[in-house]
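For reference, the structure discussed in these notes is given below.
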Amino acid sequence: MDNLTQLFVEAGTLMLAGMVFVFAFLGILIIFINKVLLKLAIKFPDPIIQSKPQRKTNKTNVEKGGISPPVVAAISSAVSQYRQQHSKNK
Amino acid sequence: MDNLTQLFVEAGTLMLAGMVFVFAFLGILIIFINKVLLKLAIKFPDPIIQSKPQRKTNKTNVEKGGISPPVVAAISSAVSQYRQQHSKNK
Amino acid sequence: MDNLTQLFVEAGTLMLAGMVFVFAFLGILIIFINKVLLKLAIKFPDPIIQSKPQRKTNKTNVEKGGISPPVVAAISSAVSQYRQQHSKNK
Amino acid sequence: MESLHILWMSTGLANFELGQVIMMLVGCLLLFLAIAKNFEPLLLLPMGFGAILTNIPVAGFSEVGGLLHYIYYAGIDTGIFPLLIFMGVGAMTDFGALIANPKTLFLGAAAQFGIFATLFGAIALNAIPGFEFTLKDASAIAIIGGADGPTAIFLASKLAPELLGAIAVAAYSYMALVPIIQPPIMRALTTEDERKIEMAQLRHVTKIEKVIFPLGVLLMTIFFLPAATPLVGMFCLGNLMKECGVVDRLSSTAQNELINIVTIFLGLGVGSKLSAEAFLNVETLGILALGAVAFSIGTASGVLMAKFMNKVSKEKVNPLIGAAGVSAVPMAARVANKVGLESNPHNFLLMHAMGPNVAGVLGSAVAAGILLALVG
Amino acid sequence: MESLHILWMSTGLANFELGQVIMMLVGCLLLFLAIAKNFEPLLLLPMGFGAILTNIPVAGFSEVGGLLHYIYYAGIDTGIFPLLIFMGVGAMTDFGALIANPKTLFLGAAAQFGIFATLFGAIALNAIPGFEFTLKDASAIAIIGGADGPTAIFLASKLAPELLGAIAVAAYSYMALVPIIQPPIMRALTTEDERKIEMAQLRHVTKIEKVIFPLGVLLMTIFFLPAATPLVGMFCLGNLMKECGVVDRLSSTAQNELINIVTIFLGLGVGSKLSAEAFLNVETLGILALGAVAFSIGTASGVLMAKFMNKVSKEKVNPLIGAAGVSAVPMAARVANKVGLESNPHNFLLMHAMGPNVAGVLGSAVAAGILLALVG
Amino acid sequence: MESLHILWMSTGLANFELGQVIMMLVGCLLLFLAIAKNFEPLLLLPMGFGAILTNIPVAGFSEVGGLLHYIYYAGIDTGIFPLLIFMGVGAMTDFGALIANPKTLFLGAAAQFGIFATLFGAIALNAIPGFEFTLKDASAIAIIGGADGPTAIFLASKLAPELLGAIAVAAYSYMALVPIIQPPIMRALTTEDERKIEMAQLRHVTKIEKVIFPLGVLLMTIFFLPAATPLVGMFCLGNLMKECGVVDRLSSTAQNELINIVTIFLGLGVGSKLSAEAFLNVETLGILALGAVAFSIGTASGVLMAKFMNKVSKEKVNPLIGAAGVSAVPMAARVANKVGLESNPHNFLLMHAMGPNVAGVLGSAVAAGILLALVG
Ligand code: NA
Ligand code: NA
Ligand code: NA
């Protein structure tokens, strides 16, 4: 068996072992997600996070007095626009 | 005097020397604050910084023309809210 | 020729060679700007960039419904003011 | 006069070698691709610039005491820079789509066939006189098929540093060419009906799943493939920092300032390997050819795997998202979305394609670990 | 077949040692405390992750050529990372409350008794078979009582690097436990009337005072304790950058991006010292026990000092703020505020407690300097 | 007792040498200039602080194992820090005004006469007993006339590291003094009518010009002066990142976080060279004197060159903007603007002065390259 043939055999073995391993690894990961994560998700569901937004809304309400909704919408839009631009620049 | 006893003596000395030193050091710092800093504070009081805020207000006034105060309040609130969120993200 | 004289001669040569070189280098740069860059500028003029602002305006228009111009101006001013402060802090 | 002669002898003009001139043109080409064609500019721009700098005669950028020498040996030879980039990429990655539809991991796995088939192809090239790739060389070249820049640089710096420049150029160029390479293959291997398949909406993924996921991945890597833990570990660290919600300032720094600083240095350092003697040879041509092959095979494998899955499973998968399994995040997912929209303008595949897309990143890192373990 | 065997032999499963498994669990525990319990997450998260990485068999994270090896020797062995953290902390610290009420420096001084008593206690542990702490070890352990992470890491890296992992774990854990450790001690040592004491409003502190203060502290440290100047110097540099008002961009970088980058590396590097042989022994138990003692004694000393000051001075001090003298900024000050509100809902002690709180930072740095000078 | 004696022997008071005290006062002076007088505070503040730290007895900041030792040898001795600063400065520089009015390059060239005349002057000082400047020393000193901090530090670290401290102090101090040094010279050399000259509005410069410009500058440097490519190359990299528009996140990091981090370290590292033996000698006085001469000659040359150009060309140039050719960006341009407004309140020269201003940066880098090539 000459050198090149031997390299071919090694490369073939690598290919086989590699693909088997990759599939096995990611396959176990599927089991992990289905068996472990899903159960965790059921046992510890995300809390319905209303506290934070609510607090914000309250605060904003208090501060903004009697401002009409379109104005508020405009502000949010302006701020979120700036936020986008800013994050792009980063 | 065996080894452990000697260590005890050394540790005791360290404790004594250390606490005396810490108290002396921070004690001198008290004197430094009372004698040096306080005099500096009297000699070089903080300038009454009205220039900066005033400049800002002027500029804003010029730019915002005849907009009613609640609108301005809403804007400030929106911006400061975004600023808070942003600094949290950092 | 003693040591100091020799140093003087070397320093003088350096001065001459250096200034000639600096002028030659920046002089060629002038030619580069006039001959190469200027032609590039004519061949590839800056596109009239209306697409970006326009997109923004459209989006904003859609989102902000019927808000009066002064309100929009106030918002822009508030945001740009914050942007300035923010960039100063950085 | 003497002074002028010394000055002349110290000019570049008096010292240029042809190879250096050509490599500078290669550097300029990379800059052109980055700036005018928007080819992965974040890395190709500093890389092209580094290629120019390293080929300047007399200046000695990559010799002992030169700036690029320090950068290369401190950051790339040690593997630190690619690992930090990987941490930042981890902090930018959202595994939600993958967790919601774990089957897509098979698509990411299948696409790694591009890597291993290319390994075989690189060895096959040895049949042509002029090519003498060792198994290490072939492995480092094959990882181009992983479509993941830092992984390729990390592996090449360990297995075949002298090929690093060509491998990095190929990896990033083909990643930028994904929108051109993939669509014809995707269209050729799928029917119009397959491309129209609409997929079920993804379920909501909870916070705890996202927090535990990177730890689970790390644990499995520790168990089965410790050689991949530098890459996978730093990736998972970044992802954990992002998802845990208690270290936002670290996560933000990892995905912004830190990754930016390291990217500049990584690009310059990789560019410093683009010297004439290392790049201007027939092996580079082979690497560029093999890279294209690797991307194509990876794309095809992903699509075919999806079609196979549709045969054996009742829940249908749009085979276009299989192509996203090569990673090249998020470009390949966008390509899948775009090709899908051509057949069905109301079918947005982007989120579904993110699953195989990030699975491909994991798959490539695992493949890199296998190569390190078996060949390194 | 051979390939598969090599692959198996390169798995973690085939190479695990029991100690490594236990240490990984310790790492997971640190992650749990950081994420679920919010225990100093900025440091405990990377530290826990580093502990996992360093114990991965085969991977060699902390061996020559490994990522954690580079991080540890470049940043922690040299002392650079803790000093940069300290600079950032300095840039975040406001000495206003301390300057307005300098008497609180005595509270910060008294709380350092936690350090020196613990040093004595560590030596006392030598009476138990199995413990053999040298004076250097004992000093490094004792500094846990300083309730200051970077100071503890800096001193431990100089005096007892092999104990660094355990010391850092203890220091950060107890800092996170301050709201649990301190209140019972504070209540036990004070009467209801004492806890109700309201303190006079703090005077306005001018800019020049704040600018000169760090320079004065540095000057005194130079005069009396040069061994503490690395810590105190970098702290004062950060504080000066903050207060001087002319280098805001440097100050901002020091307290944001730079400290974030260094924190990630510091945590990983400290975690790399959490190897089985260094951590799984009876000495670690001793360190954890001594750490708790140190915090308790420090808290008690601060409170008792405040009571003593009330005996000899007419201007009354609420003894609760004495507990803030252990530093653990700003947690201990918040605890003092909270316990105070229980007795008097209108008595906000937070600002008053910031005085002893930052005084405790200085006190700990001074104590560290003394230990370095006399033992190092 | 013994313990107390050791403690005393470890104090600064017991170990002070006079030179150290004086150098600390020099450090305090730098801090004062930075904070109270706003003299280039970004560099002078950390530099002054570094000067204090390096002169602390016993502490050993600049000895093997000390913080400043690491900083100096990792960042300044290698040239890395000044080059990174230069990259950041490049990313902040707008060559628009220069491209619009390329003639101003001659002004930037003329101002470099300050450098070469000072080189001659430094050699002339050797006639006075006590001075023994070599050609390398003289070159490093002369570059102060370039009015460019990182260039001066880079060149001094290569040609005369023992003079680095004094050169950096002189360079930054005189840069801060530009508003005081330049106006009298500018007024003395110009007539009221000349100062009133209004210049034509600058033409619009397109994006492609700005993108190609740094590449053209780099190419010319490669051709004619490879020794200048480290400085010019990193500067052009930064400028290209800014102008190309596709790597904004890298450009932003280079001109913000990265340059801030490096500035802190650069200042500390330069300050560490301000030791008594290196600074407290007659040569420092010579350097300070020569630096003032250099700035003055550079200013005068720029102004006179502008007057000469007005003689030979019909398109008039306000000679005040010639003074901006010394660089000291953007201070010198502002000074030109201000002096111009005194004569003609409607004549805003700022934009026109930016041309020679940035030309001066290039000119200084070229001059530094010449000195490196011929003397280094
Ligand atoms: Na991949
Ligand atoms: Na403390
Ligand atoms: Na200049």
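As given, the protein sequences belong to chains A, B, C, D, E and F, one line each in that order.
Going by numbering that gives the first Met the number 0, the first sequence opens with residue 0, and the numbers climb by one from there.
Going by numbering that gives the first Met the number 0, the second sequence opens with residue 0, and the numbers climb by one from there.
Going by numbering that gives the first Met the number 0, the third sequence opens with residue 0, and the numbers climb by one from there.
Going by numbering that gives the first Met the number 0, the fourth sequence opens with residue 0, and the numbers climb by one from there.
Going by numbering that gives the first Met the number 0, the fifth sequence opens with residue 0, and the numbers climb by one from there.
Going by numbering that gives the first Met the number 0, the sixth sequence opens with residue 0, and the numbers climb by one from there.
We put the CB at the ideal spot given by N, CA and C, even for glycine.
Quick caveat, the model's predicted, so the values are computed rather than measured.
Where residue i falls: helix, strand or coil (DSSP)
i      : result
R452/F : Any property of residue 452/F remains undetermined from this structure, which presents chain F solely from 0 to 375.
L43/F  : helix
G64/B  : Reliability fails at G64/B, whose pLDDT of 40 lies under 50, so the model's placement of it is uncertain and the value that follows must be treated cautiously. The answer is coil: DSSP assigns G64/B none of H, G, I, E or B.
G244/D : coil
V120/A : Missing from the structure shown is residue 120/A; chain A here goes from 0 to 89 and no further.
F222/E : helix
S342/E : helix
P160/F : helix
S251/F : helix
V328/E : coil
N54/E  : coil
P355/E : helix
D147/E : coil
S138/D : helix
I100/D : The displayed chain sequence assigns Asn, not Ile, to residue 100/D. Three-state DSSP puts N100/D in coil, outside helix and strand.
S50/B  : Because the pLDDT of S50/B is 45, which lies under 50, any placement of that residue in the model is unreliable, and the question is left without a value.
G336/F : In the sequence on display, residue 336/F carries Asn and not Gly. The answer is helix: DSSP assigns N336/F an H, G or I state.
F347/F : coil
L111/F : For the record, residue 111/F in the displayed sequence is Gln; it is not Leu. Coil at Q111/F, not helix or strand.
N2/C   : helix
L361/D : helix
A126/D : coil
K272/D : coil
S9/F   : coil
F94/E  : coil
V63/D  : coil
G375/E : coil
Residue range of the unbroken alpha helix (DSSP H) whose run includes residue i
i      : result
I32/B  : That residue, I32/B, is in no alpha helix (DSSP H); it is neither H nor E in DSSP.
N309/E : 281-311
L17/F  : 17-34
D455/D : In this structure chain D extends from 0 to 375, so residue 455/D is not present and cannot be described.
Y69/E  : 66-70
F132/E : Neither: F132/E is in no alpha helix (DSSP H) and is coded neither H nor E.
V316/E : Careful: V316/E lies outside any alpha helix (DSSP H) and carries neither H nor E.
G87/F  : 79-91
Assumed close pair residue i, residue j - CB separation to whole angstroms, cut-off 8 Å
i      : j      : result
M174/D : G148/D : 7 Å
P344/D : I320/D : Not really, about 17 Å apart at Cβ, beyond 8 Å.
F234/E : F15/E  : Actually they are not in contact, since the Cβ atoms of F234/E and F15/E sit about 43 Å apart, beyond 8 Å.
P229/E : G59/E  : Wrong, their Cβ atoms sit about 31 Å apart, outside the cutoff.
V338/F : V360/F : Incorrect: roughly 21 Å between the Cβ atoms, too far for contact.
Quiz prompt | Residues surrounding ligand 2 [beta-carbon distance to nearest heavy atom under 6 Å] | solution = G145/E, A146/E, D147/E, V325/E, S326/E, G359/E, V360/E, G362/E, S363/E
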